[in-house]
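Data block below; observations after.
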Amino acid sequence: GIAFDHYLRHSEINNYLDQLAQNYPNIVSVGTIGTSYENRTMKTITISAKPGPKPVIFIEAGMHAREWIAPALSLYIINQLVENPSYGFLQDVDWVILPVMNPDGYEYTWTTDRMWRKTRSPGSSCNGTDGNRNFGFHWMEKGASGSECSETYAGSEAFSEIETQNLRNVLNKTGNITAFISLHSYGQYLFYPYSYDYVRADNWKELAFLAHKVNDVIKSVNGTEYTIGNSAEVLYPAAGCSDDWAMGGAGVRLVYVFELPGGGKYGFDLPPEKILGVCEETWEGIKVIADYVVQNC
Ligand code: 0X9
Ligand code: ZN
Numbered sequence: 089g090i091a092f093d094h095y096l097r098h099s100e101i102n103n104y105l106d107q108l109a110q111n112y113p114n115i116v117s118v119g120t121i122g123t124s125y126e127n128r129t130m131k132t133i134t135i136s137a138k139p140g141p142k143p144v145i146f147i148e149a150g151m152h153a154r155e156w157i158a159p160a161l162s163l164y165i166i167n168q169l170v171e172n173p174s175y176g177f178l179q180d181v182d183w184v185i186l187p188v189m190n191p192d193g194y195e196y197t198w199t200t201d202r203m204w205r206k207t208r209s210p211g212s213s214c215n216g217t218d219g220n221r222n223f224g225f226h227w228m229e230k231g232a233s234g235s236e237c238s239e240t241y242a243g244s245e246a247f248s249e250i251e252t253q254n255l256r257n258v259l260n261k262t263g264n265i266t267a268f269i270s271l272h273s274y275g276q277y278l279f280y281p282y283s284y285d286y287v288r289a290d291n292w293k294e295l296a297f298l299a300h301k302v303n304d305v306i307k308s309v310n311g312t313e314y315t316i317g318n319s320a321e322v323l324y325p326a327a328g329c330s331d332d333w334a335m336g337g338a339g340v341r342l343v344y345v346f347e348l349p350g351g352g353k354y355g356f357d358l359p360p361e362k363i364l365g366v367c368e369e370t371w372e373g374i375k376v377i378a379d380y381v382v383q384n385c
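Numbering (mature numbering (1 follows the signal peptide of the UniProt record, and there is no 0)), first residue to last: 89 to 385.
The following block contains the structure:
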C-alpha cells in the first residue's frame with residue numbers, strides 16, 4: 089500500500105510501481121525510458137484497462153527536483169487509477185505516467201540541498217541544467233540562461249541532458265498521446281502553450297475552455313483557485329519547456345502545466361500533512377481532462 093502522509097525517496101517510488109505491476113498484471117505495466125546522468129532508472133507506468141488503441145494521457149512530474157508535491161500527486165493519480173478503478177473513462181483512455189523526470193536532482197534534494205532544481209550533470213563551474221529549458225523547441229530564445237550557474241541554465245545545446253532525451257524519445261514513440269500534463273509547483277497556475285514567447289496555441293480557445301472547467305471543479309473541493317492562461321502572458325516567457333515540445337515537437341493536442349499550491353518555508357517544501365488535500369482536489373481536475381478526452385478526442 090501507499091500513504092500520502094509523507095514523501096517518498098526515488099527508490100521507494102520505483103518499488104511502488106513495480107509492486108503495482110506485480111499485483112495488477114492485467115492493467116499495469118512498468119517500463120523504463122532510460123537512465124539518468126547518475127544512472128538511476130527512469131520508470132514509467134502504463135495503465136490500460138482493456139486492449140486496443142485508445143487516446144493516451146501522458147503525465148510528467150518531478151522535472152524540478154525540489155517540487156516534491158509533483159511526484160507525490162503523480163503517485164496519487166496512479167493509486168486512484170489502479171487501486172480504485174471505478175472510473176468510467178478507464179475503458180476509453182490509457183495513461184502513461186512518469187513520476188520522477190529528474191531522479192538525480194530529486195535524490196540530491198533529500199541528501200544535500202532541499203532547494204536544488206536542476207539536473208546533476210557536471211559543468212565546469214556549476215553543476216546542473218534546467219530540464220525545463222533544455223527541450224528543442226525555440227530553445228534559448230527567451231527566459232532561459234546561457235550561464236551554467238543560473239537556475240534556468242538551458243544546457244550546452246537543446247537536449248543536452250539524458251533525461252530530456254529520454255522524455256523526448258518516449259513521447260515520439262508512444263502513439264496516440266492526446267493530452268500531456270506537466271506537474272510543477274508552486275503558484276496555482278494552469279498554463280497552456282506556448283511558453284517560449286507571447287504565442288498562443290492554435291487551439292487555445294479549447295485549452296482555455298477546458299482549463300476553466302478544471303479550475304471550477306478543483307475550486308469546489310477546498311476553494312483552491314488557479315490562474316489560467318498562456319504561460320508567457322501570465323507568468324514569463326520561458327523557452328525550452330517540456331510542454332512546448334509536447335505540442336510543437338510531438339504534436340499533442342491538449343497540453344497543460346499545473347503549478348500546484350505551495351507551502352512550507354520556501355513554497356516548494358509543502359508540509360507532508362498538506363499532501364493529501366492537494367492530491368484530492370487536483371485529482372478532481374485531472375478527471376475533468378480525462379472525461380473531456382473520452383468525449384471529444
Ligand atoms: O520556470 C519554470 O520552469 C516553471 N515554473 S517553476 O517554478 N515550476 O520552475 C514555469 C514554466 C513556464 N511555463 C510553461 N512551462 N508553460
Ligand atoms: Zn517547476
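The beta-carbon is built from N, C-alpha and C at its ideal position, and this holds for glycine as well.
Which listed residue (the options) has its alpha carbon closest to that of residue i
{"i": "R221", "options": "N384, T315, R205 and F356", "result": "R205"}
{"i": "A158", "options": "G119, F223, R128 and Y95", "result": "Y95"}
{"i": "W198", "options": "V170, P210, R154 and G219", "result": "R154"}
{"i": "L278", "options": "T266, E372, V287 and H300", "result": "H300"}
{"i": "Y194", "options": "L323, V343 and H98", "result": "H98"}
{"i": "A326", "options": "T240, G337, V258 and F297", "result": "T240"}
{"i": "G150", "options": "M189, I377 and L163", "result": "M189"}
{"i": "S283", "options": "D304, L358, N257 and A232", "result": "A232"}
{"i": "W371", "options": "V309, E361, N384 and D290", "result": "V309"}
{"i": "F223", "options": "Q168, A334 and Q110", "result": "A334"}
{"i": "P113", "options": "T134, G234 and D93", "result": "T134"}
{"i": "T129", "options": "P139, N264, V118 and A137", "result": "V118"}
{"i": "W156", "options": "D182, K375, N260 and S273", "result": "S273"}
{"i": "I363", "options": "I165, N384, Q107 and I265", "result": "I165"}
{"i": "K353", "options": "L105, M203 and G122", "result": "M203"}
{"i": "W183", "options": "N264, E361, Q276 and A320", "result": "N264"}
Per-residue burial, residue i [other beta carbons within 10 Å of its own, 16 or more giving buried]
{"i": "N318", "result": "buried"}
{"i": "K142", "result": "buried"}
{"i": "A160", "result": "buried"}
{"i": "T120", "result": "exposed"}
{"i": "F346", "result": "buried"}
{"i": "S174", "result": "exposed"}
{"i": "N103", "result": "exposed"}
{"i": "Y280", "result": "buried"}
{"i": "K261", "result": "exposed"}
{"i": "D93", "result": "exposed"}
{"i": "K138", "result": "exposed"}
Within 8 Å, strictly: CB atoms of residue i and residue j
{"i": "P191", "j": "S124", "result": "yes"}
{"i": "E236", "j": "S213", "result": "yes"}
{"i": "G336", "j": "A242", "result": "no"}
{"i": "L342", "j": "L298", "result": "yes"}
{"i": "N303", "j": "E313", "result": "yes"}
{"i": "I90", "j": "L178", "result": "no"}
{"i": "R208", "j": "E126", "result": "yes"}
{"i": "I306", "j": "G373", "result": "yes"}
{"i": "I147", "j": "I185", "result": "yes"}
{"i": "C385", "j": "T266", "result": "yes"}
{"i": "L255", "j": "S136", "result": "no"}
{"i": "K375", "j": "D285", "result": "no"}
Go through the region 140-187 residue by residue and report every complete run of the beta strand (DSSP E) that reaches 3 residues or more, in order. 144-149 and 182-186
What are the uninterrupted segments assigned as beta strand (DSSP E) that are 3 or more residues long and contained completely in the region 257-283, given in chain order? 265-273 and 277-280
Alpha helix (DSSP H) runs contained entirely in the region 359-385, provided each spans 4 or more residues: Complete alpha helix (DSSP H) runs here, min 4: 363-384.
Under 5 Å, CB to any heavy atom of ligand 1. Which residues pass, going along the chain? N220, H272, F279, S283, S319, A326, C329, D331 and V345
Counting only runs of 3+ residues fully inside the region 112-141, write out the beta strand (DSSP E) ranges in chain order. Those beta strand (DSSP E) runs which fall completely within the region 112-141 and span 3+ residues are 116-123 and 129-135.
Only counting runs of 3 or more residues, tell me where the beta strand (DSSP E) segments fall wholly within the region 281-319, in order along the chain. 315-318
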